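Read top to bottom, the protein sequences are chains E and S. Residues in the first sequence are numbered from 0 upward in steps of one, following numbering that gives the first Met the number 0. Residues in the second sequence are numbered from 0 upward in steps of one, following numbering that gives the first Met the number 0. Reading through the structure tokens given below for one structure.
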Amino acid sequence: MSNNAATIELLYKMADDQLILGHRNSEWTGFGPILEEDIAFSSMAQDKIGHSLALYTILEQLGERAPDTVAFTRKANQFHNCILTELPNGEYDFSLIRHFLFDTAEALRFELLKNSSFEPLAQVARKVRGELRYHTLHANTWIKQLGVATEESVSRLQGSLNVAIPYALGIFEESPFEKELITSGIFAGEHELKALWINKVEEVIGETNLQLPDWKLQTPILGGRIGKHSEYLQLLLDEMSEVFNIDPTAEW
Amino acid sequence: MNSLDPRVIRLPDIGEVGRINPKPALDQFGTYEVFVLPKEGKPFQHEGIVHAPNLEMAYVLAKETFTRRFTCASLYVVNTLDVFVSPLSEGNQNVYDQIPQILNQNSAKVNYEIYHLPKRGKQHVHVGRVSASSPEEAFSIAKEQFQKEKIVYNVWVIQSTAIRYTMNEEKDLWLTLPEKKFRDAAEYKGGEKLKEFLKKSKR
Numbered sequence: 000m001s002n003n004a005a006t007i008e009l010l011y012k013m014a015d016d017q018l019i020l021g022h023r024n025s026e027w028t029g030f031g032p033i034l035e036e037d038i039a040f041s042s043m044a045q046d047k048i049g050h051s052l053a054l055y056t057i058l059e060q061l062g063e064r065a066p067d068t069v070a071f072t073r074k075a076n077q078f079h080n081c082i083l084t085e086l087p088n089g090e091y092d093f094s095l096i097r098h099f100l101f102d103t104a105e106a107l108r109f110e111l112l113k114n115s116s117f118e119p120l121a122q123v124a125r126k127v128r129g130e131l132r133y134h135t136l137h138a139n140t141w142i143k144q145l146g147v148a149t150e151e152s153v154s155r156l157q158g159s160l161n162v163a164i165p166y167a168l169g170i171f172e173e174s175p176f177e178k179e180l181i182t183s184g185i186f187a188g189e190h191e192l193k194a195l196w197i198n199k200v201e202e203v204i205g206e207t208n209l210q211l212p213d214w215k216l217q218t219p220i221l222g223g224r225i226g227k228h229s230e231y232l233q234l235l236l237d238e239m240s241e242v243f244n245i246d247p248t249a250e251w
Numbered sequence: 000m001n002s003l004d005p006r007v008i009r010l011p012d013i014g015e016v017g018r019i020n021p022k023p024a025l026d027q028f029g030t031y032e033v034f035v036l037p038k039e040g041k042p043f044q045h046e047g048i049v050h051a052p053n054l055e056m057a058y059v060l061a062k063e064t065f066t067r068r069f070t071c072a073s074l075y076v077v078n079t080l081d082v083f084v085s086p087l088s089e090g091n092q093n094v095y096d097q098i099p100q101i102l103n104q105n106s107a108k109v110n111y112e113i114y115h116l117p118k119r120g121k122q123h124v125h126v127g128r129v130s131a132s133s134p135e136e137a138f139s140i141a142k143e144q145f146q147k148e149k150i151v152y153n154v155w156v157i158q159s160t161a162i163r164y165t166m167n168e169e170k171d172l173w174l175t176l177p178e179k180k181f182r183d184a185a186e187y188k189g190g191e192k193l194k195e196f197l198k199k200s201k202r
């Protein structure tokens, strides 16, 4: 298959996004603002890990190493997640904004992939639709409500939004295979995805008292897709793979 | 803070050691009642309660709190304050015997949903809808329409417009894996794993 390298690159960045953000979001388990939100956020984190497993499994079928090996033994510079997903949680406002910005892109990405010419990926895209529907409902509801609630909630979200936007634009860092992916019908490409994402983000934020920056004045923070990460990723990986590194055969 | 959990170490410092700050009064959200449709064709049943700042948020939180594990076809929520509750009956007494018959009132009518408690300690189950001009009249009409031989221990009445239903286009929220048993504590055979581990370490 001639498009193998392009497909593998696409799958790795998607799977790594899901794994790293899934892990980050799971750090809230037991610390969420209220019990019900703790459950919902943890459950969505678990969904994300599940999505990463589905994608790593396709990669294994394409000749890559087993999902656990890929997840737990690579170094930071071998990961292809965007930097947005690895940033520390900070306070809940940042996690919510990241959840909103990332999951909006993720839902749109899978929507585009539903009819991918690469059938295994199209299947996963159709399978995760219900879960993503909830993730975006959850994110949009919180943002729309806190975005008009109190002076504190609006200013906290605005602060986090200002920090997160340049990183969020890094989601759409183009791969060397954009043309190939588009012409072979595997994926419509980062450029198209970004345009859809901007529309959707503007629509939701437009219903709040939050302000979006001028997109033209924003410099995307890139590098994640080629393994150039912030200092936070290796720390996350060390923590995530602690048990695996003590005993790679451990089962629990 | 000292902990083996790195996430605890990362928490911001709150308050001073040894000093307990009293919570402000009424710092809790109100409660919302959650009803779940486990399968198409079955009735909605009361599943539990969520805390939430408002009805829409209650819907969002209820979905994951109550339907993340097992099959579900639909869900709705209502503010606890919008649930009218009959008296509880004693022993084998049918609660409908305690509900007074009210003469048909001729003012504007709205829809009310009716729920029965068919077994003590179980959930309330949706039995149908009546049109009435007050909750009291709704109880009375329910008595005429839904009182059968079987004992009903408690009745709930909720005005239909107070309910946040699942809209048709939202039903694909549950188009996921049908059952997520891995999310069920009982599916995690911790005891067996421990036994196996102890056996291994004896050898």
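Think of the CB as a built atom: it goes at the ideal place given N, C-alpha and C, for glycine as much as any other residue. Please read all numbers here as calculations on a predicted model, not as lab measurements.
Locate the beta strand (DSSP E) running through residue i, then write down its first and last residues.
| i | result |
| --- | --- |
| N110 of chain S | 109-116 |
| A72 of chain S | Counting along the chain, A72 of chain S falls outside any beta strand (DSSP E), and DSSP gives it neither H nor E. |
| V94 of chain S | Element bounds for V94 of chain S: n/a, residue is neither H nor E. |
Which residue's Cα is closest to the Cα of residue i: the options?
| i | options | result |
| --- | --- | --- |
| N78 of chain S | S:I101, S:R163, S:R68, S:N153 | S:R163 |
| S25 of chain E | E:D16, E:F40, E:E35 | E:F40 |
| Q122 of chain E | S:L193, S:P52, S:T175 | S:T175 |
| Y111 of chain S | S:L102, S:V129, S:H123, S:N53 | S:V129 |
| K62 of chain S | E:A70, E:L111, E:N2, E:D37 | E:D37 |
| A270 of chain E | E:G223, E:A104, E:T140 | Chain E is shown from 0 up to 251; residue 270 of chain E falls before or after that span and cannot be answered. |
| F93 of chain E | E:T68, E:D213, E:L236, E:G158 | E:G158 |
| A72 of chain S | S:Y114, S:E46, S:V82, S:E39 | S:E39 |
| E169 of chain S | E:A106, E:R132, E:A53 | E:R132 |
| K121 of chain S | S:H45, S:T66, S:Q158, S:L25 | S:H45 |
| G62 of chain E | E:Q77, E:A4, E:Q233, E:A70 | E:A4 |
| F30 of chain E | E:G146, E:G129, E:G89, E:N161 | E:G89 |
Can you tell me which of the three DSSP states residue i falls into?
| i | result |
| --- | --- |
| W155 of chain S | strand |
| A184 of chain S | helix |
| S130 of chain S | strand |
| L3 of chain S | coil |
| E32 of chain S | strand |
| E46 of chain S | strand |
| V77 of chain S | strand |
| V200 of chain E | helix |
| V242 of chain E | helix |
| R132 of chain E | helix |
| R163 of chain S | strand |
| V82 of chain S | strand |
| H137 of chain E | helix |
| M0 of chain E | Low confidence applies here, because M0 of chain E scores a pLDDT of 45, under 50, leaving its location unreliable; read the following figure in that light. M0 of chain E: coil per DSSP, three-state reduction. |
| H125 of chain S | strand |
| A24 of chain S | coil |
| A104 of chain E | helix |
| A249 of chain E | coil |
| A65 of chain E | coil |
| A51 of chain S | strand |
| F176 of chain E | coil |
| E191 of chain E | helix |
| W27 of chain E | coil |
Is residue i near residue j, with beta carbons less than 9 Å apart?
| i | j | result |
| --- | --- | --- |
| E8 of chain E | F117 of chain E | no |
| K178 of chain E | N80 of chain E | no |
| F69 of chain S | I33 of chain E | no |
| L156 of chain E | L95 of chain E | yes |
| V154 of chain S | I101 of chain S | no |
| V126 of chain S | P42 of chain S | yes |
| Q104 of chain S | E143 of chain S | no |
| V59 of chain S | I157 of chain S | no |
Given residue i, which residues of its chain have a CB within under 6 Å of its CB, disregarding the five upstream and five downstream residues?
| i | result |
| --- | --- |
| A44 of chain E | G21, N24, S25 |
| T64 of chain S | V49 |
| R224 of chain E | K12, H79, E172 |
| F99 of chain E | A138, I142 |
| P87 of chain E | Y231 |
| S243 of chain S | Since the first and last residues shown for chain S are 0 and 202, residue 243 of chain S lies out of range. |
| R119 of chain S | Y152 |
| G189 of chain S | none |
| Q27 of chain E | As written in the sequence, residue 27 of chain E is Trp, which differs from the Gln given in the question. Contacts found: F40. |
Who are the Cβ neighbours of residue i in its own chain at under 7 Å, not counting the five residues just before and after it?
| i | result |
| --- | --- |
| L221 of chain E | G169, E172 |
| A107 of chain S | S132 |
| L236 of chain E | A75 |
| S2 of chain S | I8 |
| S183 of chain E | N2, S116 |
| M0 of chain E | Since pLDDT at M0 of chain E reaches only 45, below the 50 mark, its modelled position is unreliable, and no value is offered. |
Here's a check: name, in chain order, each residue in its chain whose Cβ is nearer than 8 Å to the Cβ of residue i, leaving out the five neighbours to either side.
| i | result |
| --- | --- |
| Q97 of chain S | S85, P86, S88 |
| K47 of chain E | Q17, L18, L20, G21, N24 |
| P212 of chain E | N161, I164 |
Which first and last residues belong to the alpha helix (DSSP H) in which residue i is found?
| i | result |
| --- | --- |
| V162 of chain E | 150-168 |
| E191 of chain S | 189-201 |
| S42 of chain E | 34-60 |
| E125 of chain E | The amino acid occupying residue 125 of chain E in the given sequence is Arg; Glu does not appear at that position. Run containing R125 of chain E: 118-126, per the alpha helix (DSSP H) assignment. |
| L83 of chain E | 82-85 |
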